[in-house]
Structure formats: structure tokens, C-alpha cells
Amino acid sequence: MAGISDEDIQKVRDASDLVAVIGERTPVKQKGRDFWCCCPLHQEKTPSFKIDPATQLWHCFGCGEGGDVFSFIMKTEDFNFPEAVRYLADRAHIDIAEDTRGGGVSRSVKSRMKEICARTAEFYHIQLMRGRGEGPDAARKYLASRGFGGEVPKKWMLGYAPGRGALVRHLSALGFKPDEMIRANVALDGRGGPVRDRFYERVMFPIFDARGDCVAFGGRVIGAGEPKYLNSQETPLFHKSQVLYGLDQAKARMASTGCAIVVEGYTDVIALHEAGVTNVVATLGTALTMRHIRVLAKHAPKKIVYLFDGDAAGQKAADRALAFIGESISDKNRNSVELLAVTLPNNQDPAEFVQAEGAQALEAVVEGALPLIEFGLERRLDSFDLDTAPGRDRALDACLAVLAPIKDTLVAKDYAVRTWSRLRAHGRLGIEEADVLERLAALETPRGAAEEETGPEAPAPRPVRRALSQAERNRLRFEREFLALACQHPLVGLAHADALAQVQWHEEVHRLLAESVLATLSENPGAAPADIVTKATLATPHAARVLTAGSSYPSSTPEAIGAYLAEELALGDAEEAIGALTAQMNAGADAEEAELLHAAVTTLQMDVAARRVAHRALPAS
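The sequence shown begins at 38 in the working numbering and counts up one residue at a time.
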């Protein structure tokens with residue numbers, strides 16, 4: 038598993054009690070043998086999140102999510118599986134050995150990189166606070182001009198990079214090797230000469246992850262020079278698509294307000310925090326990504342507000358944000374965070390605005406933010422002269438293009454008609470209302486930012502599902518409960534291994550899960566439920582939802598439930614076989630074949646009828 042042995046994974050699992058891990062994040066209360074809490078993955082007032090200490094599995098009856106301790110960390114921290122294992126290993130103070138031949142980086146190497154970043158941040162900070170000479174003086178003068186004097190440099194660990202090998206010499210004296218400095222991206226290969234400092238003559242902004250560990254740096258040139266801002270390159274510690282500047286200091290306020298504000302620069306973040314607006318973060322040399330949104334949504338579950346500069350660069354960023362319109366109205370998660378946007382007036386950036394108008398004025402601007410879809414439409418309408426017929430026609434086309442990513446939704450159709458009506462109020466249009474939806478439907482759906490991720494973690498497209506009959510819904514419920522029972526009570530699963538192998542599963546996901554559960558139990562009859570879930574997750578990302586679900590028969594024993602469900606599914610398969618044979622018989626079989634089919638159907642019907650009489654329903658909840 039990504040270079041981590043099964044033995045180490047099991048060691049970490051054994052040291053990570055699920056109740057304790059979840060209890061560190063949200064209050065849990067014992068009821069009977071289980072523990073309950075409000076779900077950390079969505080907002081709710083009544084606890085619907087169950088933790089089973091016996092199986093070490095969790096399941097939320099509100100949002101349907103579930104899994105083991107690793108999947109809990111994966112969902113709450115937005116980690117992949119190896120990252121979740123490493124996170125819990127750190128928590129339990131367990132050293133895990135990783136095979137790095139596939140290009141991975143060992144935990145010890147990452148730990149060393151973090152140490153280099155921490156020592157580098159301290160070095161830069163001391164240079165700023167105590168350094169003498171033209172460079173440190175210029176850095177302090179620049180920060181003072183931005184209002185970042187007093188305690189601000191200490192709070193944000195701001196620094197000054199002198200360059201000229203000063204950092205390399207300092208780190209070497211601490212025992213770090215040149216290749217370690219290069220890997221951490223605080224130094225560059227000298228190309229035949231000595232290793233040299235990556236940053237020189239710059240005001241330095243250490244970049245911390247959500248846990249407060251320094252993972253990278255940003256530097257602003259003092260005076261003239263290009264590039265004006267220089268960030269660390271990506272490293273095993275630093276991924277621009279998911280790290281946000283200031284998150285370590287903003288997350289507490291985000292949690293209390295439910296709101297995150299996203300700006301474009303370090304200085305904007307610091308200025309707003311120092312003005313009292315402390316739920317602010319910034320992206321790092323990249324547009325906002327879906328991973329950023331998922332990271333923010335964990336800390337700010339209600340809304341994320343894009344706060345754009347009023348200048349040309351800010352407006353370009355605003356246009357890029359429209360790629361998330363599809364995500365902003367998605368029904369994939371009924372509790373998804375709301376995405377809003379607003380542009381500051383008078384070509385100001387957030388730091389300038391809050392200095393001139395104050396924190397209350399800024400908060401009023403944020404309160405006036407529009408849902409992203411409305412923001413996009415307003416921007417398009419403002420770009421054209423609506424008092425002319427050509428301007429109105431072009432404005433309509435531009436607005437329909439904004440709606441293209443969600444063209445098949447009722448929301449898009451409603452906005453299309455409303456936009457047409459609004460433009461029609463200004464004068465004649467070259468298209469009638471009845472044709473607007475046809476034009477919208479004809480547009481191609483662009484590839485948006487929400488589609489940036491691929492691979493097993495990317496959300497799969499939703500198929501169009503037919504309406505299910507009550508009988509089919511019952512069948513799927515029986516399948517899910519049989520699989521969950523086999524996982525949560527492995528001895529029952531082993532007792533019904535033949536049934537698991539023979540069921541004609543109505544869902545492909547269920548077939549994959551049955552194969553995985555059987556394979557795990559065959560390999561290790563003593564496998565723990567959490568281990569079964571982990572292995573099944575490799576077969577399908579939907580494993581945890583199914584395998585951690587509860588039973589409809591809480592008053593019955595697992596053995597009785599297993600026998601009942603195995604027989605119910607077998608009878609269902611037999612009845613389907615009767616239907617298939619009957620259809621074949623009625624499809625024009627010759628006399629001899631029809632006679633054989635009739636005999637087979639009759640035998641099956643008698644068998645099913647007898648078994649139905651003996652098949653007693655269990656008391657449901």
C-alpha cells in the first residue's frame with residue numbers, strides 16, 4: 038500500500054482507537070454499547086453518527102458516509118490512504134517503514150524536511166528582527182509601510198532572506214546536508230559550484246499547513262526586481278493546489294462563523310487579520326482548486342466567499358472562479374458549502390480597502406457577496422451596453438455560456454429565462470423566450486475546475502437511474518444489509534460464504550464488495566471488520582457506505598439475520614430465474630423445448646412456494 042507494509046498498517050490501526058480519534062474532534066456520548074455524536078462531515082443538531090467500538094467502524098445515518106479510522110481521517114483531513122496512515126502513525130508515535138522505490142518519500146525524510154523549513158523560518162525571522170545593514174533595514178521599512186510593525190512580524194514569523202549563501206552556511210552548521218536543503222527547496226543546486234540560497238534580498242513569508250508546520254516560503258522582492266513574488270516550488274510537503282496561506286491562524290474563526298474568505302495575497306491576509314477579520318486565507322500562486330474548496334469546507338461548513346481585487350488582475354481571477362459554478366449548485370452533497378463572490382470597489386485590494394474603510398465596511402462587503410452563479414451573470418451583463426440590440430444579444434450569449442456547465446439543471450434553465458426577461462426589459466432581443474432554453478441546451482459543456490481531478494478519488498458521473506419499484510428497493514436493501522452483516526460479523530460472513538458467492542447481485546458495486554469480502558475472509562478468517570472495509574475500499578470507493586450501515590433487524594441475532602437474508606436473496610434469485618424461463622418459453626420455443634421449460638418452471642415454482650411458507654420474516658425496526 039503505497040510503500041507501507043500491511044504489518045505497519047495494522048500496527049497503526051491497533052493504536053488508533055476510533056472512539057478516541059473521533060472524540061478528539063467532536064464530543065461523543067455512549068448509548069448502550071455504541072457511541073454517538075453529531076456528524077463532523079455535515080451540519081446537524083441531533084446526533085446521527087454512530088461509532089461501534091467493537092467493530093471499530095463508524096456510520097452516519099444522516100449523510101450515509103461510513104468507514105474505519107483511516108477513512109474517517111481521509112474524509113475529515115482530505116487525505117489519501119497513505120497520508121491517513123502516516124497522520125495516525127504520527128499521532129501514535131509509531132515509526133513506519135516505507136518502500137520508496139516507487140517514487141514516494143519516507144516519513145523520516147519528510148520529518149527532516151519539516152525540520153529544515155522550521156530552522157529556515159527561524160533564521161529568516163532573526164535576520165529581520167536583529168539584522169543590521171541595508172537589506173534588513175529595507176525589509177523592516179517595507180513592512181512598516183504596510184502597517185506590519187509591532188508584534189505583527191512575530192505573530193506571522195515574517196523574515197528577511199539575505200542570500201549570498203547565508204542560509205546554506207547556517208543550515209550546514211546545524212548538520213543539514215546540501216541535498217536535504219535542495220529537497221526542501223530552500224537551496225538550489227550550484228550546477229558544479231556550491232549549493233546556493235534559493236531566496237535572497239526578499240521579505241519572507243513562511244507558509245504553514247493547517248497543523249501549523251512550516252512547509253514552504255513566499256518571498257517578496259524589496260524594491261525593483263522580478264519576479265515580484267517568489268514561492269517555493271512543490272515538494273513532498275507543499276502542494277499549491279491544497280495549501281492555503283493563513284489557514285493555521287484562520288481555522289478557529291472559520292469554525293465559529295462557518296465562513297471562509299479567500300483573497301489573493303499574503304499581505305491581504307495579514308492586513309485583514311490584524312484589522313480583526315480573522316477567517317481569511319489566500320491561495321499561493323495558483324487559482325482556487327477543488328482540493329482547496331474541500332480543505333476549506335472542513336473548517337467553514339457554511340460558505341466560502343471569494344473576495345476579488347478591483348484591479349485587472351483581480352477581475353481575471355474572478356473570471357477563473359466561474360469554473361466552479363457547477364460545483365456551487367451541485368446536488369452531490371446536500372450539505373455542500375455555499376460558494377459566493379464579491380469584487381471590491383475602486384480598484385482596491387483588501388489591504389487597501391480595510392485600511393481606508395475599516396473592518397466593519399469590509400464585513401459589509403462580504404455580507405453582500407452573491408452566489409457564484411449570480412456573480413458570474415452580473416459580471417457578464419455589466420460588460421455590455423444593454424441599451425443597444427447588439428449589446429443585449431451579446432450579453433445573452435455571454436450569460437448562457439456562464440450557465441453551460443450546468444445547462445441540464447433546473448437552476449440553469451430558470452436563470453436563462455430570468456436573464457432573457459431582464460434583457461428584454463431594456464428593449465428588443467434577437468431571440469424569443471421559447472428559444473432560449475433550446476440555445477442553452479445546444480451549448481457544449483466546458484471542462485471546468487471541478488473536473489480537474491482524475492483517478493480513483495475523482496467523483497464518478499452519475500448515471501441516469503430509472504424509478505425503482507418497491508420490490509427492487511427491498512432487494513437492494515437486502516443486498517446491502519447482507520454485505521454489511523458479513524463485514525461487521527465476519528464469522529457470520531464465513532458461515533454464508535457460499536451464499537455470498539452465489540447471489541446474483543443487482544448492483545455492480547455489491548458484486549465487487551462481495552468478491553472483496555470473500556477474498557479477505559478466505560485469506561484471513563480472523564480478519565477484523567475494519568480491515569475488511571479497508572480492503573474493500575480498494576475495490577470501490579463506495580465500500581464504507583455499504584459495509585458500515587446498520588441493520589433493519591436490531592432485535593435479532595446476527596446469525597438469525599444472516600440466515601434470513603441469505604434465504605431471502607436466494608428466493609429472489611429463484612423467482613427471477615422463473616421469470617426468465619417463462620419469458621423464454623413465451624418467446625416462441627418449439628414444442629419439445631417448451632415442454633422442458635414448463636417442467637423446469639413448475640419445479641422451481643413448487644420449490645419456491647414451499648420455501649416461502651417456511652421463510653419467516655424477522656421483526657424489523
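Even glycine gets a Cβ: it sits at the ideal position worked out from N, Cα and C. Just so we're clear, the structure is a prediction, and the values are computed from it rather than from any experiment.
Nearest to residue i by CA position, among the options, is which residue?
{"i": "G530", "options": "S553, R510, V546 and M194", "result": "S553"}
{"i": "A441", "options": "F390, D419 and R476", "result": "R476"}
{"i": "E159", "options": "I244, E612, V402 and A354", "result": "I244"}
{"i": "G184", "options": "C296, H579 and H310", "result": "H310"}
{"i": "T574", "options": "V56, M111 and L447", "result": "M111"}
{"i": "P408", "options": "N384, Y452, D610 and Q385", "result": "Y452"}
{"i": "E605", "options": "K572, T92, R512 and D568", "result": "R512"}
{"i": "V258", "options": "G616, K178, V252 and T83", "result": "K178"}
{"i": "E375", "options": "N384, A91 and I410", "result": "I410"}
{"i": "V546", "options": "P578, C524 and D535", "result": "P578"}
{"i": "L433", "options": "F412, I443, R461 and F86", "result": "R461"}
{"i": "D386", "options": "A221, A308, M166 and A337", "result": "A308"}
{"i": "G103", "options": "P595, L634 and G587", "result": "G587"}
{"i": "C76", "options": "K68, S85 and R70", "result": "S85"}
{"i": "K68", "options": "Y303, D89 and E630", "result": "D89"}
{"i": "A523", "options": "R510, A556 and A479", "result": "A556"}
{"i": "L55", "options": "D45, D43 and C74", "result": "C74"}
{"i": "R70", "options": "R455, Q93 and G249", "result": "Q93"}
Per DSSP, what kind of secondary structure is residue i in: helix, strand or coil?
{"i": "E102", "result": "coil"}
{"i": "N511", "result": "helix"}
{"i": "A497", "result": "Bear in mind that the predicted position of A497 carries a pLDDT of just 33, short of 50, making it unreliable; the figure below should be weighed with that in mind. Coil."}
{"i": "Y197", "result": "strand"}
{"i": "N370", "result": "Note that N370 scores 40 on pLDDT, short of 50, meaning its location in the model is unreliable; the coordinates nonetheless yield the value given after this. DSSP places N370 in coil when its eight states are reduced to three."}
{"i": "F109", "result": "helix"}
{"i": "E470", "result": "helix"}
{"i": "R228", "result": "coil"}
{"i": "Y237", "result": "coil"}
{"i": "A52", "result": "coil"}
{"i": "Y179", "result": "helix"}
{"i": "E552", "result": "helix"}
{"i": "I244", "result": "strand"}
{"i": "I41", "result": "strand"}
{"i": "T326", "result": "coil"}
{"i": "Q701", "result": "Since the displayed the chain opens at 38 and closes at 658, residue 701 lies outside it and no answer follows."}
{"i": "V205", "result": "helix"}
{"i": "V223", "result": "coil"}
{"i": "V258", "result": "strand"}
{"i": "I341", "result": "strand"}
In whole angstroms, what separates the C-alpha of residue i from that of residue j?
{"i": "E560", "j": "A538", "result": "15 Å"}
{"i": "P591", "j": "H533", "result": "19 Å"}
{"i": "L602", "j": "F107", "result": "29 Å"}
{"i": "A287", "j": "T315", "result": "6 Å"}
{"i": "A508", "j": "D424", "result": "59 Å"}
{"i": "R371", "j": "R290", "result": "Caution is warranted here: a pLDDT of 39 is assigned to R371, below 50, making its placement in the model unreliable, and the coordinate value is therefore given only provisionally. About 24 Å."}
{"i": "T619", "j": "S593", "result": "37 Å"}
{"i": "T640", "j": "Q621", "result": "16 Å"}
{"i": "R653", "j": "S506", "result": "23 Å"}
{"i": "L681", "j": "K450", "result": "With the chain represented from 38 up to 658, any question about residue 681 goes unanswered, as that position is not in the structure."}
{"i": "V650", "j": "A611", "result": "15 Å"}
{"i": "T83", "j": "S293", "result": "19 Å"}
{"i": "H526", "j": "A646", "result": "30 Å"}
{"i": "R62", "j": "F213", "result": "36 Å"}
{"i": "E469", "j": "A406", "result": "31 Å"}
{"i": "G295", "j": "T157", "result": "34 Å"}
{"i": "M218", "j": "R206", "result": "11 Å"}
{"i": "I133", "j": "A567", "result": "20 Å"}
{"i": "A398", "j": "V342", "result": "15 Å"}
{"i": "A471", "j": "W457", "result": "10 Å"}
{"i": "V58", "j": "A565", "result": "18 Å"}
{"i": "A198", "j": "Q164", "result": "7 Å"}
{"i": "D226", "j": "S209", "result": "15 Å"}
{"i": "V638", "j": "I615", "result": "6 Å"}
Give a yes or no on whether 8 Å exceeds the smallest Cβ distance from residue i to chain D.
{"i": "H547", "result": "Included in the structure is just one protein chain, with no chain D present."}
Heavy atom of the ligand GTP less than 7 Å from the Cβ of residue i, yes or no?
{"i": "V554", "result": "Although the ligand GTP was asked about, the structure shown includes no ligands whatsoever."}
Unbroken stretches of the alpha helix (DSSP H), 4 residues or longer, contained in the region 272–310: Counting only runs of 4 or more, we get 284–294.
The region 312–329 / the region 272–284 touching (three or more Cβ pairs under 8 Å): yes
Three CB pairs or more closer than 8 Å across the region 506–520 and the region 567–587: Of all C-beta pairs linking the region 506–520 to the region 567–587, three or more are shorter than 8 Å, placing the two stretches in contact.
Touch test, the region 189–202 against the region 117–133, Cβ-Cβ under 8 Å, three pairs minimum: no
3-residue-minimum beta strand (DSSP E) runs that sit fully inside the region 72–99, ordered along the chain: 86–89 and 94–97
Every unbroken alpha helix (DSSP H) inside the region 597–657 [4 residues or more]: 628–651
Every unbroken alpha helix (DSSP H) within the region 407–464, with a cutoff of 4 residues, ordered by chain: 409–419, 426–440 and 447–461
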